[in-house]
Amino acid sequence: MLFPISTETRRCTSLDGIWDFSLLEIADSYDPSLPLKNGLPMPVPSAYNDIYEGREFRNHVGSVVYERTIDLPAPEPGRCLILHFGSVAHSASVWWNGKLLGSHKGGFLPFEWDVTGLIMPGTNRITVIADNIVDHTTLPCGTVQNRSYPGLAPKRVNLPNFDFFNYSGILRPVKLLDLPKTRIETISVSGTQDGSFRYEIKTTEECECEVEIKEKDHVLWKGTGAAGNGWIDGILPWSPEHPALYDLRVTLSGADGSRDICTEPFGFRSIEIRDGSLCLNGEKLYLKGFGKHEDTPVLGRALSEAYNVKDLALMKWMGANSFRTSHYPYSEEMLRLCDRMGILVIDEAPAVGMHTTFTATGMRIDVKDATWDTLKTQEHHKDVLKSMIARDQNHPCVIMWSVANEPASEEKGAYDYFEPLFRLVRETDSQRRPVTFVTHGEATVETCEVAPLCDVLVLNRYYGWYSEEGDLTAAKALLSDELDRYHQRYPDKPIMLGEFGADAVAGLHDSTPQMFSEEYQRDLIEAYCSVLDQKMYICGEHVWNFADFATAESVKRVQGNKKGVFTRERKPKLAAWFLRSRWKQND
Ligand code: GCU
1 MLFPISTETR RCTSLDGIWD FSLLEIADSY DPSLPLKNGL PMPVPSAYND IYEGREFRNH
61 VGSVVYERTI DLPAPEPGRC LILHFGSVAH SASVWWNGKL LGSHKGGFLP FEWDVTGLIM
121 PGTNRITVIA DNIVDHTTLP CGTVQNRSYP GLAPKRVNLP NFDFFNYSGI LRPVKLLDLP
181 KTRIETISVS GTQDGSFRYE IKTTEECECE VEIKEKDHVL WKGTGAAGNG WIDGILPWSP
241 EHPALYDLRV TLSGADGSRD ICTEPFGFRS IEIRDGSLCL NGEKLYLKGF GKHEDTPVLG
301 RALSEAYNVK DLALMKWMGA NSFRTSHYPY SEEMLRLCDR MGILVIDEAP AVGMHTTFTA
361 TGMRIDVKDA TWDTLKTQEH HKDVLKSMIA RDQNHPCVIM WSVANEPASE EKGAYDYFEP
421 LFRLVRETDS QRRPVTFVTH GEATVETCEV APLCDVLVLN RYYGWYSEEG DLTAAKALLS
481 DELDRYHQRY PDKPIMLGEF GADAVAGLHD STPQMFSEEY QRDLIEAYCS VLDQKMYICG
541 EHVWNFADFA TAESVKRVQG NKKGVFTRER KPKLAAWFLR SRWKQND
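In my numbering, the protein residues as written are 1 to 587.
The structure is reproduced here in structure tokens:
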């Protein structure tokens, strides 16, 4: 699916702004064929949870409805009108003038419908019902419980089995695309650091395609055909230091005389595993950066271009070169920014919480069912992986795919669940990027069934926090020993830490550092880095987390997760200054 943007032949109208909104309860008899009454003003994009006061908004479980109108002329002959959503969490059903267009499952990837035949000249009404339930059939996973309390009506609760707030709603831009009926549907393009490239174009019908590769206004290569390859001398390889971008410009000429023009940015870069090392453009690569979240005040998980630029600028300020899209695909806008600013990305599927007895905050829940007998997610997981790769494959910043975060890879059945998924990613990604998943501390060298499938081993470890609390000497000993045992077992696989860190409440200080102080957070991160510096097989260090972020309420969360090295408002803690001094010195 192409990124929705205007070109000489395409018009892209934003439908962002203030929509009418209402919470929906199960008992409500709301009828989407009729206009919504008494809706509240709701910004789109935004998560609705933090916009109005009251737990009925913040902790709403189930469906909500959004509605807006737009005045339109009758569609012109030979044109198609497409309604495009960047994402709606976690599922959406959409109506146009009261007629159901369809439903989409999954809260982090785009979807669209052709509405050409439904457009009425004049006022048109768009209705969206979004639902935030997470359970054993969704990604991410959660648990729905019906609880009863003395004297109260039965209550449905939805426990997210992941450590980030279950923000929901229309989280990314909504657009109305006015396109030629005969048009380009998808473009796949990639280049390697030696200047070779290949492309493939899919169109709505057999057409003549003219293709150019341009550097700004300078045409470097010309060709024709829906697929092709070639070589260009003198290109500048894409890298974090020199994020050189080129344009593949496609001009399609339809038999009916119509034209469609699209331009797809791309870069010339290679990412591979060579002699046990992760290599970018043939050079050994060390990933310095973070696990992140799409999480900001007021907006919740919704797109904020301002925070995206701010976050990447802070990463550059620190000398970081990468992050993981923990724990779901981020917006296309963020990936386009990473292409432009030179930040490497591990692109992660929204497969988190895939563990029936281990919760994100380490608290065990009294569920005894075996994970891989309980979760019914594999087919949806395949769909999500295919959609994520289709959306993100052209970005030079995307250097690795993460199939899941902290699934029960130590439990029987994990290999049978994940082997088809790893195979699917490798068959789908024409660039054959490294594929991994991220393990939690209870998936050990001896018990993890999925590690053999990985190109790179990515470990989340919290010695000194969730275990050996306060004891950084023991934490270093345990970390060093486990890393060596993983390396002995898998000598050809580079290993990185996907997460390590500690909560620090900004402003809490200690002369003898205690947990939750800024000094302890810095000391823990410094201790882990001192261990990593002794290991030649380590290919990266991603600190958890870039910034403080919202979570469900629990005794282990102080108004959210405070493992950020920046506060949620992006103010640095002591740990940020330590990492800046560490990462800038290696620049
Ligand atoms: C886990 C998990 C994160 C979580 C973190 C923590 O490793 O991957 O989503 O936030 O631990 O407990 O802080």
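Here a beta-carbon is modelled for each residue, glycine too, at the ideal position from N, C-alpha and C.
The structure displayed is predicted, hence computed values, not measured ones.
Limits of the beta strand (DSSP E) - the one that residue i falls within
{"i": "A502", "result": "Looking at the DSSP string, A502 is not in any beta strand (DSSP E), and its letter there is neither H nor E."}
{"i": "C338", "result": "Looking at the DSSP string, C338 is not in any beta strand (DSSP E); the run it does join, the alpha helix (DSSP H), is 332 to 341."}
{"i": "V458", "result": "457 to 460"}
{"i": "S387", "result": "Not the beta strand (DSSP E): S387 falls in the alpha helix (DSSP H), residues 378 to 392."}
{"i": "W317", "result": "Unbroken run through W317 is the alpha helix (DSSP H), 305 to 318; no beta strand (DSSP E)."}
{"i": "T13", "result": "11 to 14"}
{"i": "R198", "result": "196 to 203"}
{"i": "P121", "result": "Counting along the chain, P121 falls outside any beta strand (DSSP E), and DSSP gives it neither H nor E."}
{"i": "T436", "result": "435 to 439"}
{"i": "E210", "result": "208 to 215"}
Residue range of the unbroken alpha helix (DSSP H) whose run includes residue i
{"i": "E56", "result": "55 to 58"}
{"i": "Y528", "result": "518 to 532"}
{"i": "S258", "result": "That residue, S258, is in no alpha helix (DSSP H); it is neither H nor E in DSSP."}
{"i": "L220", "result": "No alpha helix (DSSP H) contains L220, which is instead part of the beta strand (DSSP E) from 218 to 224."}
{"i": "Y415", "result": "414 to 428"}
{"i": "A474", "result": "472 to 489"}
{"i": "A576", "result": "574 to 585"}
{"i": "W238", "result": "Premise fails: W238 is in no alpha helix (DSSP H) and is neither H nor E."}
{"i": "W372", "result": "371 to 374"}
Sequence-distant residues of its chain with Cβ nearer than 6 Å to residue i (five each side left out)
{"i": "A92", "result": "H104, V128, A130"}
{"i": "F358", "result": "none"}
{"i": "P572", "result": "F566"}
{"i": "A227", "result": "E200"}
{"i": "S258", "result": "G78, P180, T182"}
{"i": "I232", "result": "G195, L220, W221"}
{"i": "T374", "result": "H136, T356"}
{"i": "V61", "result": "R156, N158"}
{"i": "T263", "result": "D247, R249"}
{"i": "V211", "result": "G223, V250"}
{"i": "M318", "result": "L579, R580, W583"}
Neighbourhood of residue i by C-beta distance below 7 Å, restricted to the same chain and skipping five residues each side
{"i": "D71", "result": "G122, T123"}
{"i": "L118", "result": "W96, N97, K99"}
{"i": "G498", "result": "G291, R324, V438, V458, L459, N460, H542"}
{"i": "P4", "result": "C12, H84, K175, L177"}
{"i": "G289", "result": "M315, A320, N321, S322, F323, H542"}
Cutoff 8 Å; reference residue i; Cβ partners in own chain excluding five residues on either side
{"i": "K562", "result": "D503, A504, V505, A506, F516, D548"}
{"i": "H242", "result": "L236, G342"}
{"i": "Y149", "result": "K155"}
Assigned exposure category for residue i - 16 Cβ within 10 Å defines buried
{"i": "H509", "result": "exposed"}
{"i": "E206", "result": "exposed"}
{"i": "M42", "result": "buried"}
{"i": "Y486", "result": "buried"}
{"i": "E185", "result": "exposed"}
{"i": "D523", "result": "buried"}
{"i": "G267", "result": "buried"}
{"i": "S554", "result": "exposed"}
{"i": "D311", "result": "buried"}
{"i": "G17", "result": "exposed"}
{"i": "R433", "result": "buried"}
{"i": "T224", "result": "exposed"}
{"i": "V115", "result": "buried"}
{"i": "M588", "result": "Not covered by the structure: residue 588. The range shown for the chain is 1 to 587."}
{"i": "E294", "result": "buried"}
{"i": "T377", "result": "buried"}
{"i": "K202", "result": "exposed"}
Member of the options whose CA lies at the smallest distance from the CA of residue i
{"i": "V134", "options": "E112, W113, V157", "result": "V157"}
{"i": "E518", "options": "A575, D481, E449, D484", "result": "A575"}
{"i": "N405", "options": "F437, T377, V398, D383", "result": "F437"}
{"i": "C529", "options": "E541, Q521, M315, Y520", "result": "E541"}
{"i": "S430", "options": "P396, Y462, L81", "result": "P396"}
{"i": "Y66", "options": "P329, I271, D31", "result": "D31"}
{"i": "P110", "options": "G98, E25, H90, G117", "result": "H90"}
{"i": "V87", "options": "R557, G353, T224, V174", "result": "The sequence shown places Ser at residue 87, not Val. When only C-alpha atoms are compared, the closest one is V174."}
{"i": "V64", "options": "S29, A74, I261", "result": "S29"}
{"i": "L40", "options": "S22, Y307, V189", "result": "S22"}
{"i": "R423", "options": "E410, K412, W401", "result": "W401"}
{"i": "P452", "options": "E469, Y466, R570, R489", "result": "R489"}
{"i": "L472", "options": "T447, C454, Q521", "result": "Q521"}
{"i": "P73", "options": "D275, M120, E56, H440", "result": "M120"}
{"i": "C141", "options": "V44, W113, I346, F164", "result": "F164"}
Give a yes or no on contact between the segment 203 to 217 and the segment 230 to 248, applying the rule of three or more CB pairs nearer than 8 Å.
yes
Between the segment 275 to 283 and the segment 292 to 302, are three or more C-beta pairs nearer than 8 Å?
no
Taking 8 Å as the cut-off, does the segment 444 to 461 touch the segment 473 to 492 (at least 3 CB pairs, one atom from each stretch)?
yes
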